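J.: Numbering (this note's numbering), first residue to last: 1412 to 1570.
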Amino acid sequence: MPELYCEVCGKPIVGKGHRILMDGAEMLVCDECFLKLTKSGRAVPVTSRPREVRPRPKKTANEVALEVVDNYPELIRAARESKGWTQAALAQKLKISEAMVKKIEGGKYKPTVDLAKKMEAILNIKLLQPVESEEEEEEPPEDYLTFGDVAVVRRDKNS
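1. Taking 9 Å as the cut-off, decide whether the C-beta atoms of Val1542 and Leu1477 are in contact.
2. Less than 9 Å between the C-beta atoms of Tyr1520 and Lys1529, yes or no?
3. Where DSSP assigns a beta bridge to Glu1437, which residues make up the other side?
4. Tell me, please, which residues DSSP counts as bridged to Pro1423.
5. Report, in whole angstroms, the separation of the C-beta atoms of Ile1431 and Phe1445, which I expect to be a contact under 8 Å.
6. Taking Cβ to Cβ, would you say Ala1490 is nearer than 9 Å to Ile1536?
7. Verify whether the separation of the beta carbon atoms of Val1361 and Glu1437 is less than 9 Å.
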């Protein structure tokens, strides 16, 4: 069996090692790094259960399009602070970087609909609302003409 090395400190791993999740990346680390990183909250242990592969659901025509509310930075920060979590802890739970959480809470980055759904589930807040269309499609008037109604197509005699 090949010798394994810690992906954080580079020392040879004695025994099996530990799998952790740090900043969204799964890593194999030694006992010493495992203890330091999990105690500090910068990493969480990865369970050994296999991941389920589920196909993405296809959108149907009657599905409502969603958008993130305008005051998302304040809602996210307030919910995180009410749970007593740091930005690093929230980032670990969402499996994104701490820098991304800072940008979202600072209003510099608007989360995607998928990320907003994760945040809603983890923080128990409402971040998504149905998209309000500014213009509703109207039926064209009866005297409405299109380009095809008035264009005359000339054909070449050779073709």
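We put the beta carbon where it would ideally sit given N, CA and C, even for glycine.
As the structure is a computational prediction, the values presented were derived from the model and not from experiment.
T.: Reading it off the structure:
1. yes
2. no
3. Leu1432
4. Tyr1416
5. 6 Å
6. yes
7. Not covered by the structure: residue 1361. The range shown for the chain is 1412 to 1570.
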